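Below is one structure, written out as structure tokens; comments come after it.
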Amino acid sequence: MGTILWSTFAVFLTLSIFSFLIKDNPFYKFAEHLFAGISVGYLVVITFTQIFIPRVWKPLMNAVNSGNILAAGFLAVGILIGLMYLSRTTDQYAWLSRYPISITVGFYSGYAIAPALNARVIKQLHSTVVADGESLLNVQKVIDFFNNPTFSNLYQATYGPLLVIGVLVVLIYFFFSFKNDNPVIKYTRKPALLYMMVGFGAAFGYTFMARISLFVDRMNFIINRWWPLIENKIM
Amino acid sequence: MKKIAIFLIIILSIITIYGQNNSDNVKPKCKLEIIDVKNEGGTKTEIYVTPQNKPENINEYNLKVYSEYDGKRKKLRDVKIINNQKKMKIPVTTEKVNTKVIAEIYAQQEGKSVKINSASVKTKGAWFDVNKINSFFASVIFITLIMVLVSHARKGRDLFVRRIPGLEEIDNAVGRATEMGKPVFYIPGLSTIRDVATIASLNILRSVGQKVAQYSTPLKVLNRDPIVLGVAQEVVHEAYLSAGRPDLYNEDDVYFAAGSQFAFASVAQGAMVREKPGAVFLLGMFWAESLILAETANSVGAIQIAGTDATSQIPFFIASCDYTLIGEELYAASAYLSRAPKLLGTLKAQDYFKAILLIVTILALITNLIGIDFVIDYILK
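The listed protein sequences derive, respectively, from chains A and B. If you use the numbering used here, the first sequence corresponds to residues -11 to 223, in order. If you use the numbering used here, the second sequence corresponds to residues 402 to 782, in order.
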């Protein structure tokens, strides 16, 4: 009985959300508020049980019990800075919340520099020159294509150079210091846009299919899992 | 007869025991190495196990790994190692730095699990990861460029930034919303403050906030992250102050919508349908909810300006929004809009740094073509 009840409720919520496609209505509002409320409640519980208790409270108690004043002080300072954020609820002391915000923004802005440079810039450029230990500008592959002009050899010969040209022109596209009529910017602009649009088109198609599969899964739940339960109960 | 039976039992027992002793004669051997991984924070070790017996004699071994810190021993791993006579690598991570990691190998002998080898190492943290020294130098160059160019900008040197079409429309979008008497919606992405796109978006929010305050148009900022919410409230408040309209600022207009991704999307689309904004700004980091937000904004007739560095979401914005800032245009936007020396200097530094990277890449391609891999091996490592 419980399975049928919860499955029916899940179907009701699914259809309530889909009803938004027609127009805003009370069913959608109910599902929306339920979803938002549960997500906030869940976030609070997760933050309390998985962050506050194991990372703050337990280490603090351990430090206090073992007489480790340094560790306890370190955690106490962290807690104090965190509590400053709650000062936003008052008008008089709201300025205190700027300290945790500044620390967080400052820390993450600085912290992001080196990993971003390494993962998003250096590694990407490395892969523009060499991929899987092979040079992307491989003259031998071009020679192989002319010796044996097959589609596979054409792909092998053009894949690397096309990728290299794409990276270079798109990189030039994102220079903001030059006027749009600068010859380098002017003549690389269209190829760069072409490259980007081809990439975006592929990403669009790929993601669209993923969304369709989510819809199919939901319909599969309603038709093949929920409906047979109801059918068995009625019949 | 009874005596003969006892004699036979004794003989059979001796044969059986002798036979067992024969199979147990094979002494289990297993090579065990444990090394502290260099160039990291001091929590990683690698254990290498090489079985020395033939698989038909010893089928499997058991590796037990313990950590020892402050005299407390804790089991980290218990791995069954099937004997294929090949060297196996088992990575182990400890919770703390300077922890003693003990590895012990056990094998079955005479029906008992017997320790046959053990090794230990103490993890040590390295101050520098020498493998990432190129990232360090790149960071130093980049930061130096920023400092120099910000200083130039502050001295009043004219720093040119080319026209970015989407940004020129911000004025029009806010103006249109004002003429229609509708609010402006701004969503600074769904990511946390650690995301560069979120920081860039909050910089743009300041410019949008100023324009909105000048026109006295209501502004609604929907947030998913509590820290971003706090920053957004501060940014909007400051924008209203700098526009000379602090009286228009309402803290409740910059609010927390929901904590989870799709709950946020449902709240945002509900708010859009009910309040019918004249302009919607979707700037920051977005995931699968991007199309839901953009399509809903489109359905209520709002002019939309979107921008993200999430390449998988840009296509959706291009398809459904009026103007889209692609990738780095989002980072350039705040400098372009505010013309603040700090931001302009940073933008210029980005351009110079990109120019250096372009030259290095072309150099790497040329040297790689002629068989010299210096640039790839050391600079773009």
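All C-beta atoms in this analysis are idealised placements derived from N, C-alpha and C, irrespective of residue type, glycine included. On a predicted model such as this, the values are computed, not experimentally measured, just so you know.
CA nearest to the CA of residue i, picked from the options
i: V498(B); options: Y470(B), D479(B), R474(B); result: Y470(B)
i: K11(A); options: S700(B), L738(B), S521(B); result: S700(B)
i: L745(B); options: A554(B), V450(B), V466(B), I506(B); result: A554(B)
i: Q509(B); options: C431(B), I628(B), S468(B), A698(B); result: C431(B)
i: S4(A); options: F(-3)(A), F15(A), W(-6)(A), I210(A); result: F15(A)
i: A644(B); options: G610(B), K782(B), V629(B); result: G610(B)
i: K475(B); options: L748(B), T494(B), N485(B), T579(B); result: T494(B)
i: S450(B); options: E730(B), N458(B), V466(B); result: Per the sequence shown, the amino acid found at residue 450(B) is Val instead of Ser. Among E730(B), N458(B), V466(B), the Cα nearest to that of V450(B) belongs to V466(B).
i: P42(A); options: V28(A), G(-10)(A), I26(A), L63(A); result: L63(A)
i: A107(A); options: S468(B), T524(B), F537(B); result: F537(B)
i: G660(B); options: V575(B), L630(B), E729(B); result: L630(B)
i: R577(B); options: E457(B), T618(B), A707(B); result: T618(B)
i: H21(A); options: L1(A), A100(A), T35(A), I211(A); result: L1(A)
i: K389(B); options: K525(B), R478(B), K513(B); result: Lying outside 402 to 782, the shown extent of chain B, residue 389(B) is not represented and no answer is given.
Status (buried if at least 16 other CB within 10 Å, exposed otherwise) for residue i
i: I218(A); result: exposed
i: P589(B); result: buried
i: V613(B); result: buried
i: A190(A); result: exposed
i: D723(B); result: buried
i: I600(B); result: buried
i: D626(B); result: buried
i: T712(B); result: exposed
i: N460(B); result: exposed
i: M197(A); result: exposed
i: F775(B); result: exposed
i: E122(A); result: exposed
i: Y587(B); result: buried
i: N13(A); result: exposed
i: T78(A); result: exposed
i: P299(A); result: Since the displayed chain A opens at -11 and closes at 223, residue 299(A) lies outside it and no answer follows.
i: R199(A); result: exposed
i: D778(B); result: exposed
Check whether residue i and residue j have beta carbons under 8 Å apart
i: L113(A); j: T762(B); result: yes
i: A658(B); j: V668(B); result: yes
i: A680(B); j: V585(B); result: yes
i: D654(B); j: V622(B); result: yes
i: N532(B); j: V117(A); result: no
i: E505(B); j: K516(B); result: yes
i: D530(B); j: E441(B); result: yes
i: L182(A); j: V152(A); result: no
i: V109(A); j: L758(B); result: yes
i: K439(B); j: A527(B); result: yes
i: S691(B); j: Q705(B); result: no
i: I(-8)(A); j: K221(A); result: yes
i: K583(B); j: P678(B); result: yes
i: L797(B); j: I594(B); result: The question about residue 797(B) has no answer, for chain B in this structure spans 402 to 782.
i: A392(B); j: I693(B); result: Residue 392(B) falls outside the range modelled here, since chain B spans only 402 to 782, and no answer is possible.
i: A104(A); j: V597(B); result: yes
i: R607(B); j: S739(B); result: yes
i: L546(B); j: F754(B); result: yes
i: G567(B); j: T697(B); result: no
i: L560(B); j: K743(B); result: no
i: V32(A); j: W214(A); result: no
Residue i (DSSP reduced to helix, strand or coil)
i: I628(B); result: helix
i: I704(B); result: strand
i: Q80(A); result: coil
i: D792(B); result: Since the displayed chain B opens at 402 and closes at 782, residue 792(B) lies outside it and no answer follows.
i: L217(A); result: helix
i: F0(A); result: helix
i: S661(B); result: coil
i: Y650(B); result: coil
i: E730(B); result: helix
i: V585(B); result: strand
i: E20(A); result: helix
i: S424(B); result: With a pLDDT of 46 at S424(B), under the threshold of 50, the predicted position of this residue should be treated as unreliable, and no value is reported.
i: R740(B); result: coil
i: K621(B); result: strand
i: E434(B); result: strand
i: A527(B); result: coil
i: Y419(B); result: Model confidence at Y419(B) stands at a pLDDT of 49, short of 50, so the residue's coordinates are unreliable; what they give is reported in the following sentence. Looking at Y419(B) - three-state DSSP - the assignment turns out to be helix.
Neighbour flag for residue i against chain E, beta carbons, 8 Å
i: S75(A); result: The chain labelled as chain E is not found among the protein chains of the depicted structure, namely A and B.
Next item on the list: Compile a chain-ordered list of the residues in the region 87 to 104 of chain A whose CB is closer than 9 Å to at least one CB of chain B.
Entry: Answer in chain order: P88, I89, T92, V93, F95, Y96, S97, Y99, A100, I101, A102, P103, A104.
Item checked: Residues of the region 149 to 170 of chain A whose Cβ lies closer than 8 Å to any Cβ of chain B, in chain order -> Within the region 149 to 170 of chain A, the residues whose Cβ lies closer than 8 Å to some Cβ of chain B are V152, V155, L156, L159, I160, F162, F163, F164, S165, F166, K167, N168, listed in chain order.
Notebook entry, point to check: Closer than 7 Å, Cβ to any Cβ of chain B: which residues of the region 122 to 139 of chain A, in chain order?
Noted result: Result list: S123, L125.
Next item on the list: Using a Cβ-Cβ cut-off of less than 8 Å, list which residues of the region 521 to 541 of chain B approach chain A; keep chain order.
Entry: Listed by position, the residues of the region 521 to 541 of chain B near chain A (Cβ gap below 8 Å) are K533, N535, S536, F537, A539, S540.
Next item on the list: Give, in chain order, every residue of the region 36 to 53 of chain A whose Cβ lies closer than 9 Å to some Cβ of chain B.
Entry: Those residues of the region 36 to 53 of chain A that come within reach of chain B (Cβ to Cβ, closer than 9 Å) do not exist; the list is empty.
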